[in-house]
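*Asks:*
Numbering (UniProt numbering), first residue to last: 1 to 151.
In structure tokens, the structure reads:
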């Protein structure tokens, strides 16, 4: 889940995001689903251009409207793109066109696509660029294809 961190004249308090510079947002994530990559109360800098131009890739950490609760936002990793096969229990499923498969890095403590299925790409609001708080843990969250861990 993501919550509002900063409040200024660009904030829209009905949503859990705050526009700081055009399409850059600062969000605070809560919950254990992305540990050890992102811990509860870490603050992230996100960009909102990639989803608008359908530039989300496998391995990206994204912010999306929850498919189960539209008043909540989720922070998950894209693990499969349209056309990819994913294992669900003892069967496989193909991710449909216009959808992605999202999973938390903490697989044993994450409600994700294994629970609610493929997520429409239209629910994706942003892509995490870096963790900016706490200061001792500042880190880029973007990746290259070689760095992504294949599951």
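Even for Gly, the Cβ is constructed at its ideal location relative to N, Cα and C.
#1: Rounding to the nearest angstrom, what Cα-Cα distance links residue 122 and residue 85 in this structure?
#2: Work out the CA separation of residue 99 and residue 118 for me, nearest whole Å.
#3: Determine the direct distance from the alpha carbon of residue 116 to that of residue 166, and round the result to whole angstroms.
#4: Nearest by alpha-carbon distance to residue 120: which of 96, 26 and 90 is it?
#5: From the DSSP secondary-structure annotation, give me the bridge partner or partners of residue 92.
#6: Is it buried or exposed for residue 31, if we count other Cβ within 10 angstroms and need 16 for buried?
#7: Cα separation between residue 60 and residue 142?
#8: Which residues in the same chain have their Cβ closer than 8 Å to the Cβ of residue 36, if we skip the five residues on either side of it in sequence?
#9: Tell me the start and end of each unbroken beta strand (DSSP E) in the stretch 28 to 70 that is at least 3 residues and wholly inside, in chain order.
*Replies:* Reading off the structure:
#1: 20 Å
#2: 6 Å
#3: In the structure displayed, the chain extends from 1 to 151; residue 166 sits before or after that span and is not available.
#4: 96
#5: 87
#6: buried
#7: 7 Å
#8: 105 and 106
#9: 43 to 47 and 61 to 65
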